[in-house]
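Below is one structure, written out as C-alpha cells; the observations come after it.
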Amino acid sequence: MYIPGIFAETDEERIAHFVDTHPLATLVGISEGRPVADHLPFVCVSQLIEGGVMASHVAKANPTWRLADESPDVLLVFSGADAYISPSLYPTKQETHEVVPTYNYISVHVRGRLTCSHDRDDKLRCVSLLTQKMERGKDQPWSVTDAPERYIQKMLEGIVAINLEIQDVQAKIKASQNRIMKDQLGVLNGLRTDARTVEAANAISARIG
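In our numbering, the protein residues as written are 1 to 209.
Next up, the structure:
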C-alpha cells in the first residue's frame, strides 16, 4: 500500500481499535496463479503485531481455506471511514480556486501466513471467539452454549477454522492532514452534516485533536 509519511499511522492501539471496530476483512491471495479474494470477519487472538494471530472460519465448501496449503501468504485488508471530499468544503476555494477533489479513508493491511484446522476444538474455539466479539455490548448477548450441543456439532462439521500468523501490519489514515487547518475544519464541518460521513469526520477530528 502506498503510504505518504503524512498519512502513515503507527500507533498500535489506534490500529488495533480500528480493526476491532471494522472486523470484516478482504482476504487476498493467489490460487492457481490468479488473484482471489474473499470477505471474512476476523478477530485478534493476540496482539495485532508481528507474531500475533488472527482467527476466522469459512464453510468447508469455500475454497479459501485451501490457500493454507496451496499459497499461504495472504493479505487482509480492513477499510472504513471513507468519504468523497468536494473542493467546495475548502475555504481556500473562495480565495484561490486552486483546489481539486480527493477521497479520505482509513485502511489497515495485515500480511501473514494462513493456516487451517479441521479439529473440532479448534473450530469451536474460533466460533466462540468471534461470537463473543460480535455479541459484546448487547443487552442479551448470544452464546454458542445457548444452542443445543448436537446442533452446534452439526454446524461445526460444515466449517473450517483458519488462522493468520501476522508478519506485517501497515495502516494509512487519509484525513486531510495535507491541508491547512482551516481547510481541515471545513472538511470536518461538511462531513458532519451527512450521517453517511460522520465516521470520516471523526477521523479528521481525531487528527486535529
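The C-beta atom is built at its ideal place from N, Cα and C for all residues, glycine as well.
Ile15 versus Lys133 - alpha carbon distance: One C-alpha to the other measures close to 17 angstroms.
Identify every residue that forms a DSSP beta bridge with Phe78. Residue pairing from DSSP places Phe78 in a beta bridge opposite Ala25, Val108.
Excluding the 5 residues preceding and the 5 following Ile30 in the sequence, name in chain order all residues of the same chain whose CB lies nearer than 6 angstroms to its CB. Taken in chain order, the residues that qualify are Ser71.
Who are the Cβ neighbours of Pro101 in its own chain at under 8 angstroms, not counting the five residues just before and after it? Cβ within range, chain order: Tyr84, Ile85, Ser86, Pro87.
State the start and end residues of the unbroken alpha helix (DSSP H) segment that holds Gln184. Run containing Gln184: 181 to 192, per the alpha helix (DSSP H) assignment.
Please classify Met54 as buried or exposed, where buried requires at least 16 other C-beta atoms within 10 Å of its C-beta. With 16 or more Cβ atoms within 10 Å of its Cβ, Met54 is classed as buried.
Near Val77, which residues of its chain fall below 7 angstroms by C-beta distance, leaving aside the five closest residues on each side in sequence? Contacts found: Ala25, Thr26, Val28, Ser107, His109.
Tell me the DSSP secondary structure of Asn163 in three-state form. Annotated three-state conformation of Asn163 is strand, per DSSP.
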